[in-house]
Amino acid sequence: MSAGKLPEGWEQIEIGDIADVISGGTPKSGVAENFAPSGEGVAWLTPADLSGYKEKYISHGARDLTTLGYSSCSAKLMLKGTILFSSRAPIGYVAIAANEIATNQGFKSFAFPSDIFPDYAYYFLRNIRHIAEEMGTGTTFKEISGSSAKTLPFVLVSFAEQKIIAEKLDTLLARVDSTMILPT
Numbered sequence: 447m448s449a450g451k452l453p454e455g456w457e458q459i460e461i462g463d464i465a466d467v468i469s470g471g472t473p474k475s476g477v478a479e480n481f482a483p484s485g486e487g488v489a490w491l492t493p494a495d496l497s498g499y500k501e502k503y504i505s506h507g508a509r510d511l512t513t514l515g516y517s518s519c520s521a522k523l524m525l526k527g528t529i530l531f532s533s534r535a536p537i538g539y540v541a542i543a544a545n546e547i548a549t550n551q552g553f554k555s556f557a558f559p560s561d562i563f564p565d566y567a568y569y570f571l572r573n574i575r576h577i578a579e580e581m582g583t584g585t586t587f588k589e590i591s592g593s594s595a596k597t598l599p600f601v602l603v604s605f606a607e608q609k610i611i612a613e614k615l616d617t618l619l620a621r622v623d624s625t626m627i628l629p630t
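Taking this note's numbering, the leading residue of the sequence shown gets 447, the next gets one more, and so forth.
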């Protein structure tokens, strides 16, 4: 992504310059006491939970972690508004945390400061997922590391412009969705 043609007042940086990059974790899967039905424990996501998911915000996955499961692994509880970005299997699923939530190790999530509108960051990351895919390494499946995720490009604009951009995209994409013909 080239910063050469950005409008005045816009600035391209590396995402790690402004956001904390957070990895997830998974407790031992063979221990039933580590997991709870969805909505009955610590909200927790895997990339599979975002497969086919069409909403911008997400509050929970197919199952939760119990307190025991959460405390036994490296999963971290992230705040509402954190951008959840799958880093493997596949790279580039994106959603916004609708509430406090943890993820498995298949995510590199981005906690932005309050002057970054979550919806703007969501759309920006959706738009650059191909860059993240190109940065992925691995033979069985590609993965983007935390250090590589920190180098993803991000364009800073004023908060007011972020809101305008995100709201315009919401409107335009809703129009596209309303014109799609569903298979019968």
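Where a beta carbon is used, it is the ideal one built from N, C-alpha and C, also for glycine.
Item, Value
"Name the two residues that bound the continuous alpha helix (DSSP H) containing residue 477.", "Here residue 477 belongs to no alpha helix (DSSP H), and DSSP marks it neither H nor E."
"Nearest to residue 574 by CA position, among 520, 485, 533, is which residue?", "533"
"Does the separation of the CB atoms of residue 496 and residue 540 fall below 9 Å?", "yes"
"Taking buried to mean at least 16 other C-beta atoms within 10 Å of its own C-beta, is residue 509 buried or exposed?", "buried"
"Between the C-alpha atoms of residue 526 and residue 554, what's the straight-line distance to the nearest angstrom?", "16 Å"
"What's the gap between the Cα of residue 567 and the Cα of residue 513?", "30 Å"
"Mind checking which residues open and close the alpha helix (DSSP H) that includes residue 577?", "575–581"
"Within the same chain, show all residues whose beta-carbon is closer than 8 Å to that of residue 606, passing over the 5 residues directly before and after it, in chain order.", "none"
"Can you name the start and end residues of the alpha helix (DSSP H) that residue 614 belongs to?", "605–625"
"With 16 other CB atoms within 10 Å as the buried threshold, where does residue 460 fall?", "exposed"
"On the DSSP bridge list, what partners appear for residue 511?", "481, 488"
"How far does the beta strand (DSSP E) with residue 530 in it extend, from its first residue to its last?", "529–533"
"Using 8 Å as the Cβ pair cut-off and three pairs as the minimum, do the segment 517–526 and the segment 470–478 touch?", "yes"
"Between which residues of its own chain and residue 595 is the CB-CB distance below 6 Å, once the five residues before and five after are set aside?", "467, 554"
"Distance, Cα to Cα, residue 537 vs residue 590?", "7 Å"
"Which residues share a DSSP beta bridge with residue 556?", "467, 529"
"Given this structure, state the Cα-to-Cα distance separating residue 614 from residue 490, to the nearest angstrom.", "30 Å"
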